[in-house]
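Asks: Got a structure for you, questions after.
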Amino acid sequence: MSDSDSNDEADRDIQLIVEANDIVKDAANHVTSIAVSSPATDDLVTLVLTTLEQRDCRIELTVDGLKIISMSGPADKAVGSTFESIQALLSCISPKFRGAFAGDLASRLAALAESSQ
């Protein structure tokens, strides 16, 4: 493996870690809890979250997206599904997320409209 190839792999690993941290920040106000659960491997970061409905969820972040690995509670058809964003994933598994996200968006738009006057 050339130095260039190993640098590309290291950059990809760092990008996944940065993306995982961004996901944690983006979702923090719309879930009960969210955290990176273990150190990243070459191509995988694991996240754990608890939805507003108090369902625990384990998620793998790869270059392909966010994949739900397991969820507490009744069997969920979303387990095994892959999503492009944390918002899409949460919209699928958390009805309360949709309301919280819509409320947050409305507040931000109102603040933007007020500041532009």
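Numbering (the UniProt record's numbering), first residue to last: 1 to 117.
Every residue, glycine too, gets a C-beta built ideally from N, C-alpha and C.
For clarity, every value in this text was computed on a predicted model and none was experimentally measured.
Taking a contact to mean a Cβ-Cβ separation below 7 Å, would you say D43 touches I86 in this structure?
Replies: Taking the sequence shown and counting its residues from 1, the one referred to as residue 43 is at position 43. Taking the sequence shown and counting its residues from 1, the one referred to as residue 86 is at position 86. Against a cut-off of 7 Å, the Cβ pair of I86 and D43 comes out as no contact.
Asks: To which residues does DSSP link R98 through a beta bridge?
Replies: Here residue 98 refers to the residue found at position 98 of the sequence shown. Answer is none; R98 lacks a bridge partner.
Asks: Exposed or buried, S94, counting other C-beta atoms within 10 Å across all chains shown (16 or more means buried)?
Replies: Against the sequence shown, residue 94 aligns to sequence position 94. Counting Cβ neighbours within 10 Å, S94 comes out buried, since at least 16 surround it.
Asks: Please report the straight-line C-alpha distance between residue 204 and T51, rounded to a whole angstrom.
Replies: Within the shown structure, residues of the chain are numbered from 1 to 117, placing residue 204 beyond reach of any answer.
Asks: Whose CA, out of E84, L109 and R108, lies closest to the CA of A20?
Replies: Residue mapping note: residue 20 aligns to position 20 of the sequence shown, counting from 1. Closest by alpha carbon: E84.
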